[in-house]
Amino acid sequence: MSSTGAGAGAHTAPLPYWRLSGFYFSYFALLGGVAPFLALYFESLGFSAARIGELVAIPMLMRCLAPNLWGWIGDATGQRLLIVRCGALFTALCFAAIFYRQDYWWLAAVMALHSFFWHAILPQFEAITLTHLREQASRYSQVRLWGSVGFILTVVLLGEVLERFGMQAYPRVLLTVMCAIVACSLLIPAPPVAPSSKVLGEGLLQQLRRPGVMAFFLCVALMQLSHGPYYTFLTIHLERLGYSRGFIGLLWALGVLAEILLFLLMRPLLARCSLKLILVVSFALAALRWILLGNYAGDLPTLLFAQCLHAATFGAFHVAAVHFVQHSFSARLQGQGQALYATLAGVGGALGALYSGYAWDSLGASWTFALAALAAALGAIILALRLQRA
């Protein structure tokens with residue numbers, strides 16, 4: 255990996271491969287602590303499934319608001335790196351308030367405040383990375399895969415930590431990872447100045463009106479909506495089926511390991527397959543995955559296969575989506591384009607967390623995941639009909 259990743263720099267300046275990769279590593283290490291275990295932490299505090307769904311949805315609601323605001327500021331000022339650094343710092347400072355109280359409304363405020371800054375970070379950093387890559391944009395997946403490595407390590411190690419020390423250790427681990435994100439942000443070099451383009455300098459609304467762009471963003475929301483039961487209740491679901499927390503951590507890690515393998519293959523895959531084909535297949539496999547998790551998670555081989563499908567439902571989808579946004583928006587509007595992608599993902603994720611929270615106890619796991627499969631299947635149909643070959 256080091257020979258291909260760090261060896262070939264950009265034509266105009268060396269690619270800061272390891273510093274970019276290090277930031278992805280720390281950022282997604284935090285997600286590895288949040289996605290599998292946040293609902294479990296709230297359950298340990300005695301909250302009901304509906305309250306858990308609401309608390310998990312709050313950061314996703316912030317993902318609907320924050321990226322567009324910060325994306326507009328980043329495009330207007332060009333200070334994307336400063337936004338990343340300040341966002342990382344205030345994420346940690348706001349989250350530290352969780353040690354003061356753990357009642358519902360205080361936790362809701364903590365979730366809202368820290369995630370307002372956390373969700374400022376990634377869209378701006380995606381734009382920074384693509385600016386560093388320039389004509390090497392197909393190497394994006396080689397940089398991004400280190401985020402998946404960070405996710406895996408956190409999931410595996412945190413699962414063991416929680417088995418040994420209990421859920422009271424959980425917020426301390428998250429705060430430590432947030433401090434690591436701050437440190438990594440300080441190591442990122444400023445991106446090269448992107449040349450202005452009068453030809454592609456049309457406004458945001460004009461670029462949104464391009465064929466298939468609005469259909470794409472609708473389907474981004476549908477994909478994240480379909481992940482609602484997965485991110486909110488999978489750990490609880492598997493625990494009730496008799497799996498240990500340590501093993502559940504390994505199952506989360508397996509999904510991300512499959513994602514990493516996909517990232518390694520993504521460059522030749524992008525050369526051979528259209529973005530439309532990759533996106534449609536990822537949605538179809540998502541529908542299959544949710545049916546399997548909702549009905550057959552007690553069968554270990556089926557569960558392992560379903561987790562391997564994470565390579566398609568997140569890995570292939572995310573890389574194809576980032577490339578689609580890059581192709582659909584001019585260099586001047588890359589920040590707002592990536593922010594809009596994050597926003598629609600946040601809308602879908604929030605709705606997914608809310609509906610799964612309200613459906614989990616009343617409808618059960620099978621029907622909750624069936625609704626997720628329906629959303630993914632609908633996304634596949636819309637993309638197949640509306641998206642131009644890209």
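Going by my numbering, the letters in the sequence shown line up with residues 255 to 644, in that order.
We put the beta carbon where it would ideally sit given N, CA and C, even for glycine.
Note that this is a predicted model, so its numbers are computed, not measured.
Checklist entry - For V579, which residues from the same chain have a beta carbon less than 7 Å from its beta carbon, with the 5 sequence-adjacent residues on both sides left out? => result Taking the first residue of the sequence shown as 1, we reach residue 579 at position 325. Once the five neighbours on either side are set aside, the close Cβ partners of V579 are G591, Q592 and Y595.
Checklist entry - Does the region 302–311 touch the region 554–572, meaning 3 or more C-beta pairs lie closer than 8 Å? => result no
Checklist entry - From G276 to F379, what does the alpha carbon distance come to, in whole angstroms? => result Position 22 of the sequence shown, counting from 1, holds the residue named residue 276. Position 125 of the sequence shown, counting from 1, holds the residue named residue 379. So the two alpha carbons sit approximately 12 Å from each other.
Next on the checklist: On the CB-based measure, 16 or more other CB atoms within 10 Å of its CB, does Q642 come out buried or exposed?
Outcome noted: Against the sequence shown, residue 642 aligns to sequence position 388. Exposed is the call here.
Item to check | Anticipated Cβ contact below 8 Å, S366 with M316, distance rounded | outcome: Within the sequence shown, numbered from 1, the residue matching residue 366 stands at position 112. Within the sequence shown, numbered from 1, the residue matching residue 316 stands at position 62. The sequence shown places Ala at residue 366, rather than the Ser named in the question. Going by Cβ atoms, the distance from A366 to M316 rounds to 6 Å, so yes, they are a contact pair.
Checklist entry - Three-state secondary structure (DSSP) at C527? => result Translated into positions along the sequence shown, residue 527 becomes position 273. In the structure shown, C527 sits in coil (DSSP, three-state: anything other than H, G, I, E or B).
Next on the checklist: Along the chain, where does the alpha helix (DSSP H) containing F405 start, and where does it finish?
Outcome noted: Counting from one through the sequence shown, the residue named residue 405 turns up at place 151. First-last of the alpha helix (DSSP H) with F405: Y394 to F419.
Checklist entry - In three-state DSSP terms, what is L336? => result Counted from its first residue, the sequence shown places residue 336 at position 82. Here L336 sits in helix by DSSP.
Next on the checklist: Starting from R586, trace the alpha helix (DSSP H) in both directions and tell me its first and last residue.
Outcome noted: Reading the sequence shown from its first residue, position 332 is the one you call residue 586. Careful: R586 lies outside any alpha helix (DSSP H) and carries neither H nor E.
Next on the checklist: Please classify G420 as buried or exposed, where buried requires at least 16 neighbouring CB atoms within 10 angstroms.
Outcome noted: Counting from one through the sequence shown, the residue named residue 420 turns up at place 166. The residue is exposed, with fewer than 16 neighbouring Cβ atoms inside 10 Å.
Item to check | Selection from T430, L637 and H577 that minimises the alpha carbon distance to A346 | outcome: Reading the sequence shown from its first residue, position 92 is the one you call residue 346. Looking at the Cα atoms, T430 is the closest of the given residues.
Checklist entry - Relative to the C-alpha of Y278, which residue among A381, R586, A626 and G633 is closest? => result In the sequence shown, counting from the first residue as 1, residue 278 sits at position 24. If we check each option's Cα against that of Y278, A381 comes out closest.
Item to check | Residue closest to A333, alpha-carbon to alpha-carbon, out of L294, P377 and Y354 | outcome: Translated into positions along the sequence shown, residue 333 becomes position 79. The sequence shown places Gln at residue 333, not Ala. Among L294, P377 and Y354, the Cα nearest to that of Q333 is on P377.
Item to check | Burial state of G603, where buried means 16 or more other Cβ atoms lie within 10 Å | outcome: Translated into the one-based positions of the sequence shown, residue 603 becomes position 349. When all chains shown are included, G603 counts as buried.
Item to check | Range covered by the alpha helix (DSSP H) that runs through P555 | outcome: Numbered from its first residue, the sequence shown carries residue 555 at position 301. Per DSSP, P555 belongs to the alpha helix (DSSP H) from L554 to C562.
Checklist entry - Helix, strand or coil for F277 per DSSP? => result Numbered from its first residue, the sequence shown carries residue 277 at position 23. Here F277 sits in helix by DSSP.
Checklist entry - Exposed or buried, T489, counting other C-beta atoms within 10 Å across all chains shown (16 or more means buried)? => result Locating residue 489 in the sequence shown gives position 235, where the first residue counts as 1. It counts as buried.
Checklist entry - Quick one, are the C-beta atoms of A507 and L539 less than 7 Å apart? => result Along the sequence shown, read from residue 1 onward, the residue named residue 507 stands at position 253. Along the sequence shown, read from residue 1 onward, the residue named residue 539 stands at position 285. Not a contact, by the Cβ cut-off of 7 Å.
Checklist entry - Once you ignore the five residues that flank I352 on each side, which residues in its own chain have a CB closer than 6 Å to its CB? => result Indexing the sequence shown from 1 puts residue 352 at position 98. So the list reads V364 and P425, once near-sequence residues are dropped.
Item to check | Beta carbon of A607 nearer than 7 Å to that of G548 | outcome: The sequence position of residue 607 within the sequence shown is 353, counting from 1. The sequence position of residue 548 within the sequence shown is 294, counting from 1. No. Outside cutoff.
Item to check | Distance between beta carbons of P290 and T597, contact taken as under 8 Å | outcome: Within the sequence shown, numbered from 1, the residue matching residue 597 stands at position 343. Within the sequence shown, numbered from 1, the residue matching residue 290 stands at position 36. Their Cβ separation, rounded to whole angstroms, is 24 Å, which puts T597 and P290 out of contact at 8 Å.
Checklist entry - Helix, strand or coil: which one does DSSP assign to F291? => result As a position in the sequence shown, residue 291 is number 37, starting the count at 1. Here F291 sits in coil by DSSP.
Item to check | Helix, strand or coil at L637 according to DSSP, with G and I counted as helix | outcome: Locating residue 637 in the sequence shown gives position 383, counting from the first residue. Looking at L637 - three-state DSSP - the assignment turns out to be helix.
Checklist entry - Where are the alpha helix (DSSP H) runs, 4 residues long or more, that stay fully inside the region 480–553, in chain order? => result 482–494, 499–526 and 529–550
Item to check | Outcome for R494 when other beta-carbon atoms lying within 10 angstroms are tallied against a minimum of 16 | outcome: One-based indexing of the sequence shown puts residue 494 at position 240. Result: exposed.
Checklist entry - Exposed or buried, which one is M314 when buried takes at least 16 other CB atoms within 10 Å? => result Along the sequence shown, one-based indexing puts residue 314 at 60. When all chains shown are included, M314 counts as buried.
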